[in-house]
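There are 2 protein chains.
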Amino acid sequence: MAETVTEICRRAAACAPELAGLDGATKDAGLQAMAEALRDAAGDLTIANKEDVATAEAQGTSQTLLDRLTLTSSRLEGMASGLRAVAAQNDPVGEVVGAWRRPNGLTIEEVRAPLGVVAVIYEARPNVTSDVAGLCLKSGNASVLRGSSIALNSNMAIVEVLRGALDSAGIPVDAVQLVPDASRTSAVDLMTAKGLVDLLVPRGGAALIKSIEDNATVPYIIDGDGNCHIYVDEFADEAMATSIVVNAKTQRPSVCNALETLVVHESKAAVWLPGLLDELAAAGVEIRGDERVGEAWPRATAATDEDWATEYLDLVLAVRVVGSFDEAVAHINRYGTANAEGIVTRDLTVARRFATEIDAGSIFVNASTRFSDGGEFGYGAEIGISTQKLHARGPMGLRALTSTKYVVWGEGQIRS
Amino acid sequence: MAETVTEICRRAAACAPELAGLDGATKDAGLQAMAEALRDAAGDLTIANKEDVATAEAQGTSQTLLDRLTLTSSRLEGMASGLRAVAAQNDPVGEVVGAWRRPNGLTIEEVRAPLGVVAVIYEARPNVTSDVAGLCLKSGNASVLRGSSIALNSNMAIVEVLRGALDSAGIPVDAVQLVPDASRTSAVDLMTAKGLVDLLVPRGGAALIKSIEDNATVPYIIDGDGNCHIYVDEFADEAMATSIVVNAKTQRPSVCNALETLVVHESKAAVWLPGLLDELAAAGVEIRGDERVGEAWPRATAATDEDWATEYLDLVLAVRVVGSFDEAVAHINRYGTANAEGIVTRDLTVARRFATEIDAGSIFVNASTRFSDGGEFGYGAEIGISTQKLHARGPMGLRALTSTKYVVWGEGQIRS
């Protein structure tokens, strides 16, 4: 008998107050137990995962997706390390963000507190299951996980293992629950569980985000697209620019922090750009450029306005030559998706202006956009990358899973 | 020819980047000029306001609303002081919230940045016009103000004065705009100005909040109800409890931080409660209590479940006697609206548990709930009081009008 999403959320909400009150040592012991349990259960987990992979193969699933789905022992080790890295973070709950005294003697403290129930809808990768469970536990929240049907066996097995570990650590097992039904209905049920879900994070493509925007009545944070840019300024170190652009485009083109459009100052168009594009082409990258790119490197195909707006997630790069810094900023603010934007320059003023004027979650000065990632930021794991402005922006770690409350201490003050 | 909301929002968005880059001194000079201009224009403003008041009176508007609508010279002085108090706050823009270095040498800074365009839909009080304009300017945002039709003349006159002051201070006048049409359509247009409005704050009653929840496609923060409680614990100082309860209920019963339900530990039911209720009754407060209240003070009428859930905003108080601290917490977390909740106690452990276990924006220990207010928190003015958990909670000042971005400084780091 399938449980309803509402029942799952009610159980999560019921244990949320206890989770909010757990001390850090208990939560860390739970996270260590979860990591240990994943390693101990590696055999069973790979068996459950093989079922998912076999079914997916039989359905003609793409090789990329099959790769994301597959659990190997090194990936399980990575999931365990992720849980340990989360345990090593400071406990965000109870952190006093600020405190001040008022003229009437009241002391006001702004204190970090868990959100309550966090729901995450995600796609094939089973490692998300343990990442989310770990981040939510450490931040004092109950998690409701809704993975994709293609990974259902794997996720059920992982969650069973994690709940066993919680139990052994004296933590309510309903701190981590999986929705055992990966239908569209269960997703919409989560989106509309108003009053039960304090935060919903969708980790998926455009269709999922559209569905959230159309249906959600619960608060959510969009984990959005990444039409990422790098601007190579006239004062750029050319070798550094080449290294960063090649890395951002080719190291893992299918992810949201990969480079999609290169913006180049005109002073670099003749002297540096052709060599870079030769190198990218040799690495299998298709180049789509504006007119001036075509002049500098005739093998480029002509870019259209659609190219500027497209997140290829593939070995394709749009390239535009600009006459000024302002033109570069205008292009990036127009077409960027507020995820990660980079600049290569040796000029401090230009770098500072770029950081101020670009409207994005993360701005990289002389570094690859591929670092837009919770793990790379030192968060142990990430719940997603916010491309919105409210609550959290950029890679989201533990603090993004908390809210604050004001605690006001007095000695009988009344208002006159 | 009435301008459309979209055109107004476009102009706001167009000047937002310039506002984001303004230094604090320029913004403060603008705020001082706005304050000065309000005083200088006091004559014209009261004339414009008298038209609104006359029309409202002719329409049979209630005395309470007429009072809220009326601009007096002392209220104009208060508006000017509010602007000066906002000028005296630290500039939130550019504040480095946190910064750390990664093992690979990257330095990550989390920096506060404006949201962009902030829209506020509000009711009769014209002072909100200058408060919101001032808070938005100081936080580097463009404001789009949509007041109620009853105050339209007053608001138009105020905004004209404020824009003149901006102009004299060299700040784009479109930093502050009023929607010159207070129809339902203009409100819905603002709620659906997706991509143009970065934050919408509704300051109004249940109908406005419902409309936002039904229609809004732009991000919003609910400035919500206040079904506020005070729990008088067994370890309470009785004189302090009386003073705080009387203040929270009677000092200004029509506002969201006024007391609505008193929760009393049973040990105080016979010894202290009757005297308190005598005092409240003498001040004109109607008492609705549970059975044990009726035993202690027979003049109380019987409270129903509806009373526990009602925000009276009037001289009515619901009173409940509980057998334990846990029972008090459960009642408050069930019926509270996450605005302001108070406790009176001399016991430190009880106070700390209350602060941790109550799920609300502001928790008052031995102080009146009436202090849940941006001005009383020292914010100069407030954009509202958030009763939601995401982004901002409790009284919202300048920081609630900002987001953060990550600026990552490198020397050529790439990801391996």
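Taken in order, these protein sequences are the chains called A and B.
Just so you know, we're using this note's numbering here: the first sequence kicks off at 1 and counts up by one.
Just so you know, we're using this note's numbering here: the second sequence kicks off at 1001 and counts up by one.
Glycine is no exception: its CB is placed at the ideal position from the N, C-alpha and C atoms.
Helix, strand or coil at residue i [DSSP, three-state]
i: A:S254; result: coil
i: A:A302; result: strand
i: A:K405; result: strand
i: A:L145; result: strand
i: B:L1071; result: coil
i: B:H1229; result: strand
i: A:T61; result: coil
i: A:W100; result: strand
i: A:G412; result: strand
i: B:E1018; result: helix
i: B:G1342; result: strand
i: A:N366; result: strand
i: A:T185; result: helix
i: B:R1171; result: Residue identity check: residue 1171 of chain B is Ile in the sequence provided, not Arg. B:I1171: coil per DSSP, three-state reduction.
i: A:L178; result: strand
i: B:G1336; result: coil
i: B:L1166; result: helix
i: B:T1129; result: helix
Cutoff 6 angstroms; reference residue i; Cβ partners in own chain excluding five residues on either side
i: A:A169; result: A29, G30, A33
i: B:E1051; result: N1153
i: B:A1080; result: A1035, L1038, R1039
i: B:V1365; result: I1343, A1351
i: B:A1328; result: Y1231, V1263, V1322
i: A:S418; result: Absent from the structure is residue 418 of chain A, since the part of chain A shown begins at 1 and ends at 416.
i: B:A1241; result: V1232, V1344
i: A:E7; result: none
i: A:R399; result: P92
Pair within 8 angstroms by beta-carbon distance, residue i and residue j
i: A:A283; j: A:V293; result: no
i: A:N141; j: A:L390; result: no
i: B:V1159; j: B:V1176; result: yes
i: A:M156; j: A:L178; result: yes
i: B:Y1122; j: B:R1203; result: yes
i: B:A1182; j: B:G1147; result: yes
i: B:V1232; j: B:V1264; result: yes
i: A:C256; j: A:I385; result: yes
i: A:D174; j: A:A12; result: yes
i: B:G1226; j: B:T1055; result: no
i: B:L1076; j: B:A1124; result: no
i: B:Y1335; j: B:W1297; result: no
i: B:L1135; j: B:I1383; result: yes
i: A:D290; j: A:R320; result: yes
i: A:A88; j: A:G380; result: yes
i: B:L1115; j: B:L1199; result: yes
i: A:S130; j: A:G164; result: no
i: B:K1027; j: B:L1166; result: no
i: A:R102; j: B:G1378; result: yes
i: B:T1261; j: A:G21; result: no
i: A:V132; j: A:V197; result: no
i: B:C1009; j: B:V1144; result: yes
7 angstroms Cβ shell around residue i - same chain, five flanking residues per side excluded
i: A:K249; result: A258, L259, L280, V285, L317
i: B:R1404; result: With the sequence shown as reference, residue 1404 of chain B is identified as Thr, and Arg is not the correct amino acid for it. Only V1097, E1110, V1111, R1112, A1113 meet the Cβ criterion.
i: B:E1234; result: H1265, S1267, K1268
i: B:A1002; result: Low per-residue confidence applies at B:A1002: pLDDT is 48, beneath 50, and the placement is therefore not dependable, though the value from the model is reported in the following sentence. The residues are P1180, D1181.
Beta-ladder partner(s) of residue i, from DSSP
i: B:L1199; result: B:V1118
i: B:M1396; result: B:G1384
i: B:L1031; result: DSSP, once it has assigned bridges, lists no residue as partnering B:L1031.
i: A:G289; result: A:A302, A:V319
i: B:H1391; result: In the DSSP output, where bridge partners are listed per residue, B:H1391 has none listed.
i: B:D1223; result: B:R1203, B:S1386
i: A:T261; result: A:H229, A:A318
i: B:E1110; result: B:G1098, B:Y1406
Nonlocal neighbours in the same chain, by C-beta distance under 8 angstroms from residue i, ignoring five residues either side
i: B:N1215; result: V1188, M1191, T1192
i: B:T1004; result: D1189
i: B:S1073; result: A1042, T1046
Proximity test, residue i beta-carbon vs the ligand NAD heavy atom, cut-off 7 angstroms
i: B:P1298; result: Absence of the ligand NAD is noted for the structure shown, with no ligands found whatsoever.
Beta carbon proximity, residue i to chain D, threshold 8 angstroms
i: A:R320; result: Reference to chain D is not applicable here, since the protein chains of this structure are A and B.
Inset, instruction - Could you tell me whether the stretch 82-99 of chain A touches the stretch 42-57 of chain A, where touching means 3 or more Cβ pairs closer than 8 angstroms? - result: no
Legend entry - Any 3 or more C-beta pairs closer than 8 angstroms across the stretch 1325-1341 of chain B and the stretch 1361-1377 of chain B: yes
Legend entry - Touching by the beta-carbon criterion (3+ pairs, under 8 angstroms), the stretch 55-67 of chain A and the stretch 371-385 of chain A: no
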